[in-house]
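Participant: In our numbering, the protein residues as written are 2 to 603. C-beta atoms are modelled at their ideal positions from N, C-alpha and C, and glycine is treated no differently. Dropping a structure here in structure tokens format, bear with me for questions.
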């Protein structure tokens, strides 16, 4: 067995305490003898949610040897609230202990730079691997098998039950509902996300008329997996964004039939087809849907794009976005999004809640020729957020998940992490607050001049009369709080560390198997080195006169089984996006190392 670096794992500390342990605190000495996988996550991050799903099989297969510990490390202010973390753990079905670390204490001890990051600790308490981003479940599985064999032989592996203690279930008609739509008969169809069902409620928004789905995770004619967005189709059926199944389903309220119309049930990865027969193309966490321009538009949160489904042709294709995460306007094919999570059609505009940039944006037909163009109404980028009304170019939101077109041409915004309902008026260019003291609103439906709001964390629909005047709120502005890396002026060597899993190698059969994309906020931060390439190292040049900014780094590597006797080797894609805050100062580092997989020896 190849020798591994041995670094003693720092202790686990977090001011918020522990969840899923029966109110018992845990320490690393408590876990000695077990293989520990730390999952640094935050609940706004769709990539983190993907990793939660990737880890479920590992967790089940190695339940007597592996302990997964979620370390919740917030990006947004709302995510530092303890009750919000408690809610998220239930909402996403997290079945392992979670450390609530609102001040990023353990994040800093482990020198983590990105959500999500996985750290593997051996039974003797040493860090043996670190993986950033998605697609590492196979590599960690191989490493776990090696560690099990090694420490069984040494007598240092202790098998048995883990420290997970499930919370008591709570009885409510809905549990963390995602979106709602009004059916032609006046009732409401709601995605009951955590219970993997759809629920039809009477016109009062309270009485349960029927439940659709078994309530168990699955992709069958009677099951869902964390469904979210809903859209009424012209024929009266309802399209469903079956988010964790990476599929689009269609439900017929008259017959009760449920069919899959798009997606394979597998998650889309870089290099996969982006158009073609809808049932043969992979999707990635579709979050919301809207019927617009004779197509079903899909907010594809998992890859920061908009896609469309054409029922007549039975095809899907990318409509906007590059898969790069950020806020860039312009021609649809060149635009950047960041977890688009809400859609609303209104005439010649499709409104978008772009959650990770705390932005409201829209798509409209290009003025000349074919195609579409993307524009931003509210929001500036990945790291600025808050609750500020006024002129749209100064206004702030916090991780909005829903938009609703209003009759006067304005748009209501489910400003989720501000617990508020906001409004943007294109005629005046102003943002106002319509209601507050909601609890994680995630969508709203217009009904007879009122708004029926999905209060996700209160597990209900709430009907609000649109006010004559806006509510006055005290302005609050925030930036994502992460320690900046101090770098030297001028040349900066960027190195993305990737070590292929045991018995695998980089897949070069069809050309380069790695990709690196670098950009900056502000763009002027980089005098040289921005753009795409295939080498995981790059020499950057920081511009003179700049004192701070954010480097955006996106890396991908594909590895395959390294055995010439295997005719069809299994391949795995590893990918991650980093936003690295930097300050420029004499004496700072001239090298920036980011770990995609392995350990950074630099």
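Taking only beta-carbon positions, decide if residue 107 is within less than 8 angstroms of chain D.
Facilitator: Looking for chain D here will not work: only one protein chain is present.
Participant: Within the same chain, show all residues whose beta-carbon is closer than 7 angstroms to that of residue 110, passing over the 5 residues directly before and after it, in chain order.
Facilitator: Counted from its first residue, the chain shown places residue 110 at position 109. If we look at residue 110 and ignore the five residues flanking it on each side, its Cβ neighbours are 11.
Participant: Which residue wins for smallest C-alpha separation from residue 274, given the options 282, 334 and 348?
Facilitator: Indexing the chain shown from 1 puts residue 274 at position 273. Taking only the C-alpha atoms, the option nearest residue 274 is 282.
Participant: Out of 57, 71, 180 and 203, point me to the one whose CA is closest to residue 139's CA.
Facilitator: One-based indexing of the chain shown puts residue 139 at position 138. If we check each option's Cα against that of residue 139, 57 comes out closest.
Participant: So, residue 606 versus residue 396, is the Cβ gap smaller than 8 angstroms?
Facilitator: The requested residue 606 is not part of the displayed model; the chain covers only 2 to 603.
Participant: By alpha-carbon positions, which one of 416, 267, 76 and 159 ends up nearest to residue 439?
Facilitator: Against the chain shown, residue 439 aligns to sequence position 438. Checking every option, the nearest Cα to that of residue 439 belongs to 416.
Participant: The alpha helix (DSSP H) that contains residue 404, what's its start and end?
Facilitator: Residue 404 sits at position 403 when you count from the first residue of the chain shown. Looking at the DSSP string, residue 404 is not in any alpha helix (DSSP H); the run it does join, the beta strand (DSSP E), is 403 to 406.
Participant: Tell me which residues share the same chain as residue 511 and place their Cβ nearer than 7 angstroms to its Cβ, disregarding the 5 neighbours each side in the sequence.
Facilitator: Within the chain shown, residue 511 is the residue found at index 510, counting from 1. In this prediction, residue 511 scores a pLDDT of 46, lower than 50, which makes its location untrustworthy; no coordinate-derived value is stated.
Participant: What number of angstroms, rounded off, separates the C-alpha of residue 414 from the C-alpha of residue 141?
Facilitator: In the chain shown, the residue the question calls residue 414 occupies position 413. In the chain shown, the residue the question calls residue 141 occupies position 140. Their backbone Cα atoms lie some 40 angstroms apart in a straight line.
Participant: Note down the Cα distance separating residue 532 from residue 449, rounded to an integer number of angstroms.
Facilitator: The residue you call residue 532 lines up with position 531 of the chain shown. The residue you call residue 449 lines up with position 448 of the chain shown. The alpha-carbon atoms of residue 532 and residue 449 are separated by roughly 50 angstroms.
Participant: Please identify the residue among 105, 587, 383 and 161 whose C-alpha is closest to the C-alpha of residue 32.
Facilitator: Translated into the one-based positions of the chain shown, residue 32 becomes position 31. Closest by alpha carbon: 161.
Participant: Tell me the DSSP secondary structure of residue 512 in three-state form.
Facilitator: What you label residue 512 is simply residue 511 of the chain shown in a count that begins at 1. Only weak support is given to the placement of residue 512: the predicted model assigns it a pLDDT of 48, under 50, and the value that follows is read from those uncertain coordinates. Coil.
Participant: I want to know whether the stretch 209 to 226 touches the stretch 241 to 260 - three or more CB-CB distances under 8 angstroms.
Facilitator: Touching, yes.
Participant: Check whether the stretch 210 to 217 touches the stretch 458 to 469, counting contact only when three or more Cβ pairs, one atom from each stretch, lie closer than 8 angstroms.
Facilitator: Touching, no.
Participant: Shortest alpha-carbon distance to residue 455 belongs to which of 206, 85, 21 and 552?
Facilitator: Taking the chain shown and counting its residues from 1, one reaches residue 455 at position 454. Looking at the Cα atoms, 206 is the closest of the given residues.
Participant: Taking the C-alpha atoms as reference points, what is the distance between residue 575 and residue 198?
Facilitator: Numbered from its first residue, the chain shown carries residue 575 at position 574. Numbered from its first residue, the chain shown carries residue 198 at position 197. Roughly 31 angstroms separates the two Cα atoms.
Participant: Spatial neighbours of residue 25 within its chain, please: CB distance less than 8 angstroms, with the 5 preceding and 5 following residues excluded, ordered by chain position.
Facilitator: Start at 1 with the first residue of the chain shown, and residue 25 comes out as number 24. These residues qualify, in order along the chain: 19, 164 and 166.
Participant: What are the start and end residues of the alpha helix (DSSP H) that includes residue 84?
Facilitator: In the chain shown, counting from the first residue as 1, residue 84 sits at position 83. That run of the alpha helix (DSSP H) goes 83 to 92.
Participant: Which complete beta strand (DSSP E) runs does the stretch 108 to 179 hold, if anything under 3 residues is left out?
Facilitator: For the stretch 108 to 179, whole beta strand (DSSP E) runs of length 3 or above, ordered along the chain, are 118 to 122 and 127 to 133.
Participant: Compare the beta carbon distance of residue 587 and residue 458 with 8 angstroms and say whether it is the shorter of the two.
Facilitator: The residue labelled residue 587 in the question sits at position 586 within the chain shown. The residue labelled residue 458 in the question sits at position 457 within the chain shown. Taking 8 angstroms as the Cβ cut-off, residue 587 and residue 458 do not qualify as a contacting pair.
Participant: Hey, is the stretch 251 to 265 in contact with the stretch 309 to 325, meaning 3+ C-beta pairs nearer than 8 angstroms?
Facilitator: Yes, the stretch 251 to 265 touches the stretch 309 to 325.
Participant: For residue 358, which of helix, strand or coil comes out of DSSP?
Facilitator: By 1-based counting over the chain shown, the position of residue 358 is 357. Three-state DSSP puts residue 358 in a helix.
Participant: As a quick exercise: from 252, 146 and 602, pick the residue whose alpha carbon is nearest that of residue 158.
Facilitator: Locating residue 158 in the chain shown gives position 157, counting from the first residue. Nearest of 252, 146 and 602 to residue 158, Cα basis: 146.
Participant: Between which two residues does the alpha helix (DSSP H) holding residue 57 run?
Facilitator: Translated into positions along the chain shown, residue 57 becomes position 56. Run containing residue 57: 47 to 62, per the alpha helix (DSSP H) assignment.
Participant: Along the chain, where does the beta strand (DSSP E) that runs through residue 424 open and close?
Facilitator: In the chain shown, residue 424 corresponds to position 423, counting from 1. 421 to 426 is the span of the beta strand (DSSP E), which, as asked, contains residue 424.
Participant: Is it true that the stretch 539 to 558 meets the stretch 517 to 531, where meeting means three or more beta-carbon pairs spaced less than 8 angstroms apart?
Facilitator: As far as the Cβ criterion goes, the stretch 539 to 558 touches the stretch 517 to 531, which means the pair count is three or higher.
Participant: So, do the stretch 42 to 50 and the stretch 74 to 90 have three or more beta carbon pairs nearer to each other than 8 angstroms?
Facilitator: These segments touch.
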